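See below for the structure under consideration.
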Amino acid sequence: MIVGFGSMAFHTTLKYEMQLADELPMIYTVCILSYAAFSFNQSPKVQVMVGTIMVGLATFITLYYLYGKDPVFHQVAYGILTLAATFRGFYAMEYELRPALKKRSFATCDHQMNQMWTLAMTGIVQFTFGFFIWNMDNIFCHHLVTTRNHIQLPWAVLLEGHAWWHILTGLAYHLILWRLWLNRSLEGKEKELMLDWKPWSVPQVVPRPGSKAKGKAKGSKAQ
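Oh and the sequence shown: position 55 is 55 in the UniProt record's numbering, straight run, nothing missing.
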């Protein structure tokens with residue numbers, strides 16, 4: 001929500017202060033996601049250490065960006081942190097979850113892992129394509145503006161690269177959903193949840209029919 005409000009403030013005012021309110025929360029959000037990725041299932045000592053590192057990184061990036069005002073630095077920092085959190089998830093999925101699933105649920109292990117990989121890779125493709133468009137929009141801004149002015153509305157909207165960045169990163173929420181499902185499975189709750197992803201629909205991880213999680217969900221609604 002903070003990123004959304006900051007982005008709205010920047011795009012409606014186009015002021016530098018509001019640009020910071022848009023871009024810096026992106027760093028803070030990915031630092032939180034990185035903390036969740038690297039501290040999950042770790043000892044309290046490691047969690048504190050990871051938290052300290054993330055706070056330090058966020059502070060350093062903020063101060064450097066305020067001083068240098070270099071958008072490329074912001075983009076590179078954001079990309080590296082996102083990659084780090086994602087690859088940590090891949091490691092946990094293949095080297096922690098897969099061996100555990102083979103012991104607990106051998107018959108369904110490969111099926112669930114394939115679903116997880118599909119979910120994760122869909123999010124990665126969408127995010128990466130959006131990140132690429134965002135950077136191309138920055139590099140070729142002048143040429144794109146000239147072309148849009150020539151084409152005119154409504155078709156000029158298709159060349160609004162920054163808008164496509166927002167749309168594609170919104171769709172790439174698959175990555176967050178994948179990480180939440182991964183965490184629950186690492187906790188040994190894979191039998192309570194299932195992926196509900198019909199063609200041309202938004203994927204969901206929902207309680208499996210007849211599972212304890214399904215019963216808890218019904219109980220919560222009754223209350």
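Where a beta carbon is used, it is the ideal one built from N, C-alpha and C, also for glycine. None of the values given here were measured: they were computed from a predicted structure.
Rounded separation between residue i and residue j - CA only
i	j	result
LEU171	PRO44	34 Å
TYR35	ILE80	14 Å
MET136	ARG184	37 Å
HIS166	GLY130	7 Å
TRP178	ILE124	11 Å
THR29	HIS150	38 Å
MET93	CYS109	11 Å
VAL145	VAL157	11 Å
ASP70	ALA100	45 Å
GLU205	HIS142	In the sequence as displayed, the identity of residue 205 is Val instead of Glu. Those two C-alpha atoms are separated by around 43 Å.
Residue i: CB within 6 Å of a non-hydrogen atom of the ligand PLP
i	result
GLY210	For the structure depicted, the ligand PLP is absent and the ligand set is empty, with no information on it obtainable.
Residue i, DSSP secondary structure in three states
i	result
LEU144	helix
PRO154	coil
TRP117	helix
HIS161	Note that residue 161 is Gly in the sequence shown, not His. In the structure shown, GLY161 sits in a helix (DSSP, three-state: H, G or I).
ALA84	helix
LYS103	helix
GLY188	coil
TYR67	helix
ALA172	coil
TRP181	helix
TRP134	helix
GLY210	coil
Sheet register partners of residue i (DSSP bridge)
i	result
VAL205	LEU195
N- and C-terminal bounds of the alpha helix (DSSP H) containing residue i
i	result
ASN41	Here ASN41 belongs to no alpha helix (DSSP H), and DSSP marks it neither H nor E.
So, does the stretch 100-114 touch the stretch 44-63, judging by three or more C-beta pairs under 8 Å? no
Report yes or no: do three or more beta-carbon pairs, one from the stretch 158-165 and one from the stretch 184-192, lie closer than 8 Å? no
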